[in-house]
Each structure stands twice: as C-alpha cells, then as structure tokens.
Amino acid sequence: HSDTTVARMLVGNKCDLDNMRTVSVEEGKALAETQGMFFMETSALDSTNVKTAFEMVIRDIYANVSRKQLNSDTHKTELKWNSRVSLVKDDNKGSTQGFGFSCCSSS
9 HSDTTVARML VGNKCDLDNM RTVSVEEGKA LAETQGMFFM ETSALDSTNV KTAFEMVIRD
69 IYANVSRKQL NSDTHKTELK WNSRVSLVKD DNKGSTQGFG FSCCSSS
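Next up, the structure:
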C-alpha cells in the first residue's frame, strides 16, 4: 500500500542472460498487471531498457503528482457557485484599464 503519487515498476534484470532465466516474460507481465505496475526487462551489462525504465518511472511520477495537484482543494477556484463579480467604476483619470472600470471586486 502506498500513496497514489508513488510509481511502481517490476523490473526483470539481467535479460541478457536469457539461458539462465527462471521467470518468463509472460509471468513477469502477469504479476505486474495484477499489482497495477509497469513491467520491463533490463540489462545493465548491455544497457537494455535501463534509461527507458527510469524515464517511464519519472513520467509516471510527474503525471501522478500533476493529477494530485489538479485535484487538490488549493487549486479550486476562489469563486463560489452563485457568487457575483462586480466591475467598479474607476474615477482615476490616469487609469489605462479598459473602459474606466477596475476589475474586480467580488460580492
């Protein structure tokens, strides 16, 4: 169990040693899928998928954090349903705002 912003990936390492394999690719994918994780095989020896694995995790973290931020109460609009926004006449002659109105006061 973890926070929703945590990225989880099942990595099968040493994929360059196929003749010594004890877990099939299909088994790895199936386990990852049941646990809601990414699955990828890597090899540090020949650099197979190492960079790609890190990039996938980083993208997932970014997407999760962004989604969490957008859904947080701090990013909800300040205006409540059925509230009014009023434009107030600006008597300041030096004002360059539109039609002589200052924006905005809310009531």
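Counting in my numbering, the sequence shown runs from 9 upward without gaps.
The beta-carbon is built from N, C-alpha and C at its ideal position, and this holds for glycine as well.
Just so it is clear, the structure is predicted and the values come from calculations on it, not from any experiment.
Paired residues, beta bridge with residue i - DSSP
| i | result |
| --- | --- |
| residue 56 | 51 |
Proximal residues to residue i (C-beta, below 6 Å), its chain only, five neighbours per side dropped
| i | result |
| --- | --- |
| residue 69 | 15 |
| residue 73 | 13 |
| residue 40 | 18 and 47 |
Three-state secondary structure assigned by DSSP to residue i
| i | result |
| --- | --- |
| residue 36 | helix |
| residue 65 | helix |
| residue 17 | strand |
Inter-residue Cα distance where the pair is residue i and residue j
| i | j | result |
| --- | --- | --- |
| residue 20 | residue 32 | 9 Å |
| residue 60 | residue 80 | 30 Å |
| residue 42 | residue 48 | 15 Å |
| residue 35 | residue 52 | 21 Å |
| residue 103 | residue 57 | Interpretation of residue 103 is limited by its pLDDT of 48, a score under 50 that renders its predicted location unreliable; no figure is taken from the coordinates. |
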